[in-house]
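The structure appears below as structure tokens.
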Amino acid sequence: MEQPTVTTGPEDIESAAGTRQQQVADTLRDLIVTGQLDPDRKHSEAALAERLGVSRTPVRHALAVLVEEGVMRRAGGRGYVVRQYDANDVAVALEIRSAVEGLAARKVSQQGLSQDVAATLDACLAEGDAMFRPGESGPVDEARYSRMNEAFHEAIAVAAGGTLFGEVRAVLDRVPFGAPSAIRFHRMDPVERRLHLQHAHLQHHYIVAAIRARDAARAEALFREHGEMIKVSLGLTRGPWQRTAGSGLPISPGVRPSE
Numbered sequence: 001m002e003q004p005t006v007t008t009g010p011e012d013i014e015s016a017a018g019t020r021q022q023q024v025a026d027t028l029r030d031l032i033v034t035g036q037l038d039p040d041r042k043h044s045e046a047a048l049a050e051r052l053g054v055s056r057t058p059v060r061h062a063l064a065v066l067v068e069e070g071v072m073r074r075a076g077g078r079g080y081v082v083r084q085y086d087a088n089d090v091a092v093a094l095e096i097r098s099a100v101e102g103l104a105a106r107k108v109s110q111q112g113l114s115q116d117v118a119a120t121l122d123a124c125l126a127e128g129d130a131m132f133r134p135g136e137s138g139p140v141d142e143a144r145y146s147r148m149n150e151a152f153h154e155a156i157a158v159a160a161g162g163t164l165f166g167e168v169r170a171v172l173d174r175v176p177f178g179a180p181s182a183i184r185f186h187r188m189d190p191v192e193r194r195l196h197l198q199h200a201h202l203q204h205h206y207i208v209a210a211i212r213a214r215d216a217a218r219a220e221a222l223f224r225e226h227g228e229m230i231k232v233s234l235g236l237t238r239g240p241w242q243r244t245a246g247s248g249l250p251i252s253p254g255v256r257p258s259e
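Positions 1 to 259 (UniProt numbering) are the ones given, in order, by the sequence shown.
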């Protein structure tokens, strides 16, 4: 039996190219916000293409997008450098995120949880609980926690409804270490890291309990407090288990101390 012929038109090719360019831009953005793309060196299209295992064309288009977003800037010739943020930039971005996500938690509390969102949040809580079983004290799988944390924050933002929450979060995600998925620690040993993440996950439980109780004011306040945890991990403020906060030295690649 003769097989049907599948043709690819210009629109299909353009769509595929656009998707690849978006994927490359997303990957580069993730490398930047998690501190994996060195801000102290110039990056070329060729080197980035080799690192990502793609051709230079999607990298070129992706870099243009990141320059327009302000995440990267041209550095003469064909080189690009990562925009550096100071600690104050990051702190302000985190405060804005806490306010936005606190408002989202308030709205979800007021309108009530749908079954789908409740199931997603319960799955996140169960995933986190599995990482902090009583009696265990080893290092936490930070990549696993990051995925769970991102899903938790995303579920509440989506449940709040409207496109504005998503748009604001997308802007804040471009600031290094401002996204829930960006787990970075400044001068914390494995024990402190575990305590930090365990405390943050306990806050997840309190937030969900407040939302279920339809206590909008408490849900908002808890989410704002939850936002402080990223500041703690970056050494910008002190955690409840720490005697002193960070020294104010550069907290990670891409972030410099405030003037």
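Where is the CB? At the ideal position from N, CA and C, for every residue including glycine.
**Q.** Rounded separation between D107 and M72 - CA only
**A.** The sequence shown places Lys at residue 107, not Asp. Each residue's Cα considered, the two are about 35 Å apart.
Q | Distance between beta carbons of A157 and A104, contact taken as under 8 Å | A | About 5 Å; that satisfies the 8 Å criterion.
Q. Looking only at its own chain, which residues have a Cβ that is under 6 Å from the Cβ of A62, when we skip the five neighbours before and after it?
A. Sequence-distant partners of A62 (beyond 5 residues in either direction) whose C-beta falls short of 6 Å from its own C-beta, in its chain, are Q21, V24, A25, L28.
Q. Is it the case that the Cβ atoms of H204 and F132 are separated by a distance below 7 Å?
A. Not closer than 7 Å, so no.
Q) Looking at H196 and G128, is the spacing between their C-beta atoms short of 7 Å? A) No, they are not a contact pair.
Q: Helix, strand or coil for S258, going by three-state DSSP, please let me know.
A: In this prediction, S258 has a pLDDT of 43, which is less than 50 and means its spatial position is unreliable; what the coordinates show is noted afterwards. Here S258 sits in coil by DSSP.
Q | Among R83, E228, Q110, M148, the one whose alpha carbon lies nearest that of C124 | A | Cα-wise, what sits closest to C124 is M148.
Q: Give me the Cα-Cα distance between A209 and D122, rounded to the nearest whole angstrom.
A: When rounded, the distance between both Cα atoms is 11 Å.
Q. Just the Cα atoms here: how many angstroms apart are E192 and V100?
A. The alpha-carbon atoms of E192 and V100 are separated by roughly 28 Å.
Q: With a threshold of 16 other CB atoms inside 10 Å of the CB of E220, please say whether the residue is buried or exposed.
A: When all chains shown are included, E220 counts as buried.
Q: Rounded to whole angstroms, what's the CA-CA distance from G79 to T19? Just pull it up for me.
A: C-alpha separation (whole angstroms): 24 Å.
**Q.** Through-space distance from D141 to H199, alpha-carbon basis
**A.** Here the alpha carbon of H199 sits roughly 15 Å from the alpha carbon of D141.
Q | Where E102 sits in the DSSP three-state scheme | A | The question names Glu, but residue 102 is Gly in the sequence shown. If DSSP states are grouped into helix, strand and coil, G102 belongs with the helices.
(Q) Only counting the same chain, and skipping five residues up and downstream in sequence, which positions put a Cβ closer than 8 Å to that of A155? (A) So the qualifying residues of the chain are V117, T120, L121, C124.
Q) Whose C-beta lies closer than 6 Å to the C-beta of D12 among residues of the same chain, with five residues either side of it excluded? A) Its pLDDT being 40, under 50, D12 is placed unreliably by the model, and nothing is read from it.
Q: Report yes if the C-beta distance between L94 and I207 is below 7 Å; otherwise report no.
A: The answer is no: Cβ separation not under 7 Å.
Q. Under the three-state reduction of DSSP, which class applies to D86: helix, strand or coil?
A. DSSP, read as helix, strand or coil, puts D86 in strand.
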